[in-house]
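**Student:**
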Amino acid sequence: RYVRQLQRLQLLFSPTAADARGARQFVEEAAQDFARQHPDVVLYVSPHSGPGPAPVLRAEYLNGTVREELIASKTSEEIVQLVTKLANQSGLDIVRIRKPFHTDYPSVQGQWHPLTNKPSILTVQGPRLQPQ
Amino acid sequence: RRSEKPNWDYHAEIHAFGHRVQEHFALDLLKTAFVNPCYIESEEARRRQLGLDKDAVALQLQDNSGLAERGLRFARAYLAQCFEGAYPQLPAKGVEALVNFLTSQELVSYVAQNLSIQDLALCRDFPAPPAVLQRTFLAVVGALLESSGPERAGIFVRDFFIPQLIGKDLFEIWEVVNPMGLLLEELTKRNISAPEPRITRQLGVGTVLPVYFVGLYCDKKILAEGPGETVLAAEEEAARVALRKLYGYTENRRPWDYSKPKQGLAAEKAISTN
Numbered sequence: 001r002y003v004r005q006l007q008r009l010q011l012l013f014s015p016t017a018a019d020a021r022g023a024r025q026f027v028e029e030a031a032q033d034f035a036r037q038h039p040d041v042v043l044y045v046s047p048h049s050g051p052g053p054a055p056v057l058r059a060e061y062l063n064g065t066v067r068e069e070l071i072a073s074k075t076s077e078e079i080v081q082l083v084t085k086l087a088n089q090s091g092l093d094i095v096r097i098r099k100p101f102h103t104d105y106p107s108v109q110g111q112w113h114p115l116t117n118k119p120s121i122l123t124v125q126g127p128r129l130q131p132q
Numbered sequence: 001r002r003s004e005k006p007n008w009d010y011h012a013e014i015h016a017f018g019h020r021v022q023e024h025f026a027l028d029l030l031k032t033a034f035v036n037p038c039y040i041e042s043e044e045a046r047r048r049q050l051g052l053d054k055d056a057v058a059l060q061l062q063d064n065s066g067l068a069e070r071g072l073r074f075a076r077a078y079l080a081q082c083f084e085g086a087y088p089q090l091p092a093k094g095v096e097a098l099v100n101f102l103t104s105q106e107l108v109s110y111v112a113q114n115l116s117i118q119d120l121a122l123c124r125d126f127p128a129p130p131a132v133l134q135r136t137f138l139a140v141v142g143a144l145l146e147s148s149g150p151e152r153a154g155i156f157v158r159d160f161f162i163p164q165l166i167g168k169d170l171f172e173i174w175e176v177v178n179p180m181g182l183l184l185e186e187l188t189k190r191n192i193s194a195p196e197p198r199i200t201r202q203l204g205v206g207t208v209l210p211v212y213f214v215g216l217y218c219d220k221k222i223l224a225e226g227p228g229e230t231v232l233a234a235e236e237e238a239a240r241v242a243l244r245k246l247y248g249y250t251e252n253r254r255p256w257d258y259s260k261p262k263q264g265l266a267a268e269k270a271i272s273t274n
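Same order as they appear, the protein sequences are chains A and B. full-length UniProt numbering numbers the first residue of the first sequence as 1 and each following residue consecutively. full-length UniProt numbering numbers the first residue of the second sequence as 1 and each following residue consecutively.
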């Protein structure tokens, strides 16, 4: 069954800073809808008062990776898109995928080895040849 | 520990856990499932150290050993039944080996860690040792059994334990010391004569890396063929290949059937055999 890999989202922003305006709008309008649509993600909203660090969205995944995204000067819709993107990701590192294909069963009829199509010593090969 | 860092709400996390696994739990059963006996002892010791009186010392929490035991028994019975249905030729020792592997500490604690049980489980040490994680996960299975009934719990066990067998070979899990002897027993049960080993192909006989392919023939018909470095190793490998074919655990068998079960007879039988 499908298990969503996002465990919890922590939204750290400041109620007065100018660049956290999108974050504040998101909290007022869209955060509840998001939480209702994704009941398996725990959403923590923690405003820290006063001029603090930039507003950040911290995502924790089931395999332990913590991903921080800056949401300074982003509109509410952009934050919604970002949040859905994080919710659909898994916690694996974002590295270049070396090849876009993978298979658990690389061979269906058996991998070729130098003896595949050679007849065995025991098979009878003609009317006069005898097996060993 | 995650519960000691900021932004932690235990009730919300447990609620989210239920939704993440797509199962509906009775929340108080689930909360008891996460409480381990070592946690209760450490809490009582801490309260006694802080100097509270005896009544306040006794915590109102029950621990999860009963739930864990029930979960373990149900999981073992259900998995044994699944394997007997899917591989009817496999002997009892093989089924037992598979079930033991699936309920072993490393596997269960690996599954539990990837489901964030290590954050929710209340225990004394950090990080939680694999035995504690195994007990907590089986207690979760037991809690599911109590709250939703044996059918849902059976589907849960199937969905989380059986994919761990993907890619694994039978004899990696089940240690067989004498495959030739086992093969002889199987063949006598089916009234087939004893196998005759013959060298089918050989490469590089005089070199450091020879390869011998030994085939097992019963009544002049081929049973199985296996490679090996020496003739004896090749014969043993051929016996293993023959056993895999007989038990139906080859690499090209049909994959496991994860469709919705009919009418839950299987899970009820699991409960009645407990």
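Every residue gets a Cβ at the ideal spot worked out from N, C-alpha and C, and that includes glycine.
1) I'd like to check one pair, Leu-57/A with Leu-9/A: are the Cβ atoms closer than 8 Å?
2) Within 8 Å of any Cβ in chain B, is that where the Cβ of Pro-47/A sits?
3) Please determine, among Ser-42/B, Glu-225/B, Pro-37/B, the residue with the shortest C-alpha to C-alpha distance to Glu-237/B.
4) What is the DSSP secondary structure of Cys-123/B, counted as helix, strand or coil?
5) Compute the Euclidean distance between the alpha carbons of Leu-6/A and Asn-88/A, then round it to the nearest angstrom.
6) Quick check on DSSP: helix, strand or coil for Trp-112/A?
7) Checking contacts by CB at 8 Å: is Asp-159/B closer than that to chain A?
8) How would you call Glu-23/B, buried or exposed, if buried means at least 16 neighbouring beta carbons within 10 angstroms?
9) Could you compute how far the alpha carbon of Val-211/B sits from the alpha carbon of Pro-179/B?
10) Starting from Phe-160/B, trace the alpha helix (DSSP H) both ways and give me its first and last residue.
11) Taking Thr-32/B as part of the beta strand (DSSP E), name the residues at either end of that continuous run.
12) For Pro-150/B, is the classification buried or exposed, using 16 other Cβ atoms within 10 angstroms of its Cβ as the cut-off for buried?
13) How big is the Cα-Cα spacing for Arg-21/A and Ala-30/A?
14) Compare the C-beta of Asn-117/A with all C-beta atoms of chain B and state if any pair is closer than 8 Å.
15) Below 8 Å on the Cβ atoms is my guess for Leu-243/B versus Leu-203/B; work out the distance and round it to an integer in Å.
16) Taking the alpha carbon of Val-3/A as the reference point, which residue from Phe-26/A, His-38/A, Ile-97/A, Leu-11/A has its own alpha carbon closest?
17) What separation, rounded to the nearest whole angstrom, lies between the Cα atoms of Glu-175/B and Lys-118/A?
18) Hey, quick one: how far does the alpha helix (DSSP H) through Gly-18/B stretch, first residue to last?
19) Counting only beta-carbon separations shorter than 8 Å, does Ser-116/B have a partner in chain A?
20) Mind listing the chain A neighbours of His-11/B? Cutoff is C-beta to C-beta under 8 Å, in chain order.
21) Please determine, among Gln-164/B, Ile-155/B, Asp-119/B, Gln-60/B, the residue with the shortest C-alpha to C-alpha distance to Gln-81/B.
22) Compare the C-beta of Arg-254/B against all C-beta atoms of chain A and say whether one is closer than 8 Å.
23) Within 10 angstroms of its Cβ, does Ile-71/A collect 16 or more other Cβ (buried), or is it exposed?
24) Could you say which of Leu-209/B, Asn-7/B, Arg-124/B, Trp-8/B lies nearest to Cys-38/B if we only look at CA atoms?
**Tutor:** On the basis of the data shown:
1) yes
2) The Cβ of Pro-47/A sits no closer than 8 Å to any Cβ of chain B.
3) Distance check between Glu-237/B and each of Ser-42/B, Glu-225/B, Pro-37/B places Glu-225/B closest, using alpha-carbon atoms only.
4) DSSP places Cys-123/B outside both helix and strand once states are collapsed to three, so it counts as coil.
5) 8 Å
6) coil
7) yes
8) buried
9) Rounded to whole angstroms, Val-211/B and Pro-179/B show a C-alpha spacing of 20 Å.
10) 150-161
11) Thr-32/B -> not in any beta strand (DSSP E); alpha helix (DSSP H) instead, spanning 27-33.
12) By the neighbour-count rule (16 or more Cβ atoms within 10 Å), Pro-150/B is buried.
13) 13 Å
14) So, not an interface residue.
15) Leu-243/B to Leu-203/B, Cβ: 25 Å. No contact.
16) His-38/A
17) 33 Å
18) 10-20
19) yes
20) Within chain A, not a single residue places a beta-carbon under 8 Å from that of His-11/B; the smallest gap is close to 10 Å.
21) For the residues Gln-164/B, Ile-155/B, Asp-119/B, Gln-60/B, the minimum Cα distance to Gln-81/B belongs to Ile-155/B.
22) By the rule that beta-carbons nearer than 8 Å mark a contact, Arg-254/B does not touch chain A.
23) buried
24) By alpha-carbon distance to Cys-38/B, the top candidate from Leu-209/B, Asn-7/B, Arg-124/B, Trp-8/B is Arg-124/B.
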